[in-house]
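The opening position of the sequence shown corresponds to residue 490 in our numbering, with each subsequent residue numbered one higher.
Below is one structure, written out as C-alpha cells, with a few remarks after it.
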Amino acid sequence: MKDRSYTASREIWISGINPVREALRSGMPGIREMAAARTDQRTRELLEWGKNRGIPVREMTRDGLTALVGHAHHQGVALRTGEYPYASIEALLERPAAEREPLIVLDCIQDPQNLGAILRSACFLGARGVVIPKDRSAQITAAAIKVAAGATSYLPVVQTVNLARSLELMKDAGLWIVGLDLEGDRSIYEADLSMPLALVIGNEQKGMRPLVRKHCDLLVKIPARGPLQSLNAAAAGAVALAEVQRRRAVMPGS
C-alpha cells in the first residue's frame, strides 16, 4: 500500500467504539494518534491494537476528549487521522433487515455544512446509514464531522464510485428507492412509506441527476404551505425522514 502524508488541515478525529475499531481493523493508513478516556475491556482491546501498530496513545479525561474532538458523543475513544473510514455498501446491505434501513442516499450534496446537518438529523431520526458518491460531492471532513455533532460515531457512511449501481444493489436487497423531488408524483404525506426504503436527496441547486431519478421507484414531494416553495437539502431530508418514521410508528403492530 502506498504511503500517504496528510497536512494538518486534512486531519480529522474519528470517534466512537465501532468507527475506531473499523479503522484499526481495516489497516487504514495515516493514523497519527489514539486518545482514550475509558478503561473497559473493549477500549483495552482497541488500545492493544493501536499499540501493536505503533500508534501513540494519549490517556485523558472525558471532558478533555470532548474538547479535543469537538463534541461529547465520542464514546470515550478517538483516532487522529487524515481520512474517514467509509463503510461498504455490501456490508451495510448484509445486515439483518431491521438494521439496514431506512437509508439516506445523497446525490451530490456539495456543502460540507449541509452534509453534516443531514448526518446529524439522519442519526437522530433513526437512519441506518448514509450513502454518498465519491465524485462531485462533499466528503466526510473535519468540517462535516463538527456539524454532525457526533453522528459519525454511530452512523455508517458509504462512499460509492457508482451511485446508480449502489441503488441497484439496494433494490436487490429488497429496498424501495424513494426520491425527494419538487416535481414528485405525490405528496410525501399521501405516499405509502411502509416498505423497506432508501430516501434519495438531490443536490442543493439541481436536485437529483436524471440517471438517479430514473432509478427511483417513487418520487415524492414535501408540499409547500407558505410563500416559500422549497427547503434546503438538510431541512427537506429531516422532514422526509421524520415523516417516514412517524408513519411507521402509528402502523398497527409497530
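Note that CB positions come from ideal geometry on N, CA and C, so glycine has one too.
> DSSP puts L570 in a beta bridge; with which residues?
Replying inline: In the sequence shown, counting from the first residue as 1, residue 570 sits at position 81. According to the sequence shown, residue 570 is Thr rather than Leu. Paired residue(s): I501.
>> Less than 6 Å between C-beta atoms, sequence neighbours within five positions excluded: which residues of the same chain meet that for L682?
In response: As a working mapping, residue 682 is identified with position 193 in the sequence shown. The residues are V733 and R736.
>> Just to check my reading of the structure: I607 and G516 have Cβ atoms closer than 8 Å, yes? What is that Cβ distance to the nearest angstrom?
In response: The residue labelled residue 607 in the question sits at position 118 within the sequence shown. The residue labelled residue 516 in the question sits at position 27 within the sequence shown. Actually they do not touch by this definition, with Cβ atoms about 29 Å apart.
> Based on the DSSP secondary-structure assignment, which residues constitute the bridge partners of A687?
Replying inline: In the sequence shown, counting from the first residue as 1, residue 687 sits at position 198. Within the DSSP secondary-structure output, A687 pairs in a beta bridge with L592 and I666.
>> Buried or exposed for L717, going by 16 or more other Cβ atoms inside 10 Å?
In response: Walking along the sequence shown from the start, residue 717 turns up at place 228. Around the beta carbon of L717, fewer than 16 other beta carbons sit within 10 angstroms, so the residue counts as exposed.
> For D492, which residues of its own chain have a beta-carbon under 6 Å away from its beta-carbon, when the five flanking residues on both sides are left out?
Replying inline: For this step, residue 492 is matched to residue 3 along the sequence shown. For D492, the predicted structure reports a pLDDT of 30, less than 50, and the residue's modelled location is therefore unreliable. The matter cannot be settled from this model.
> What are the partner residues of I679, as DSSP defines its beta bridges?
Replying inline: The residue given as residue 679 occupies position 190 in the sequence shown. The question names Ile, but residue 679 in the sequence shown is Glu. DSSP, once it has assigned bridges, lists no residue as partnering E679.
> Cα-Cα, which of T630, P508, M549 and L664 is closest to M684?
Replying inline: Sequence index remark: in the sequence shown, residue 684 carries index 195 (1-based). Nearest of T630, P508, M549 and L664 to M684, Cα basis: L664.
>> Please tell me whether I503 and L568 are closer than 7 Å, where the distance is taken between their beta carbons.
In response: The count along the sequence shown starts at 1 and reaches residue 503 at position 14. The count along the sequence shown starts at 1 and reaches residue 568 at position 79. The answer is yes: Cβ separation under 7 Å.
> Taking the beta strand (DSSP E) that I506 falls in, what are its first and last residues?
Replying inline: In the sequence shown, counting from the first residue as 1, residue 506 sits at position 17. It is not in any beta strand (DSSP E) - I506 instead sits in the alpha helix (DSSP H) that spans I506 to R514.
>> So, at 7 Å on beta carbons, what are the nonlocal neighbours of G715 in its own chain, with the 5 sequence-adjacent residues on each side left out?
In response: Counting from one through the sequence shown, the residue named residue 715 turns up at place 226. So no residue of the chain qualifies.
> Of the residues M549, A738 and I544, which one's Cα is nearest the Cα of T570?
Replying inline: Within the sequence shown, residue 570 is the residue found at index 81, counting from 1. If you compare the alpha carbons of M549, A738 and I544 with that of T570, the shortest gap goes to I544.
>> Would A525 and R551 be called neighbours here (beta carbons separated by less than 7 Å)?
In response: Within the sequence shown, the letter at position 36 stands for residue 525. Within the sequence shown, the letter at position 62 stands for residue 551. No, Cβ-Cβ distance for A525 and R551 is not below 7 Å.
> Whose CA, out of A631, E500 and A729, lies closest to the CA of A616?
Replying inline: Position 127 of the sequence shown, counted from the first residue, corresponds to residue 616. Nearest of A631, E500 and A729 to A616, Cα basis: A729.
>> I believe I578 touches V619 by the beta-carbon criterion, under 8 Å. Please report the beta-carbon distance rounded to the nearest angstrom.
In response: Position 89 of the sequence shown, counting from 1, holds the residue named residue 578. Position 130 of the sequence shown, counting from 1, holds the residue named residue 619. Incorrect: roughly 11 Å between the Cβ atoms, too far for contact.
> Any idea what DSSP makes of I621, helix, strand or coil?
Replying inline: Counting from 1 along the sequence shown, the entry for residue 621 is found at position 132. Secondary structure of I621 (DSSP, three-state): strand.
> In three-state terms, what does DSSP make of A631?
Replying inline: Numbered from its first residue, the sequence shown carries residue 631 at position 142. In this structure, DSSP gives A631 a helical state, which the three-state scheme calls helix.
> How is E537 classed by DSSP in three states: helix, strand or coil?
Replying inline: By 1-based counting over the sequence shown, the position of residue 537 is 48. In the three-state scheme derived from DSSP, where H, G and I count as helix and E and B as strand, E537 is classed as helix.
> In this structure, does DSSP put T532 in helix, strand or coil?
Replying inline: Numbered from 1 along the sequence shown, position 43 holds the residue referred to as residue 532. The answer is helix: DSSP assigns T532 an H, G or I state.
> Would DSSP call L644 helix, strand or coil?
Replying inline: Within the sequence shown, numbered from 1, the residue matching residue 644 stands at position 155. Under the three-state reduction of DSSP, L644 is assigned to coil, being neither helix nor strand.
> According to the neighbour-count rule (16 or more other Cβ atoms, all chains shown, within 10 Å of its Cβ), is I506 buried or exposed?
Replying inline: Mapped onto the sequence shown, residue 506 falls at position 17. So I506 counts as buried.
>> Below 8 Å on the Cβ atoms is my contact criterion, and I expect I621 with Q648 to pass it. Report the Cβ-Cβ distance as a whole number of Å.
In response: Here residue 621 refers to the residue found at position 132 when the sequence shown is read from its first residue. Here residue 648 refers to the residue found at position 159 when the sequence shown is read from its first residue. That belief holds up - the Cβ atoms of I621 and Q648 are roughly 6 Å apart, short of 8 Å.
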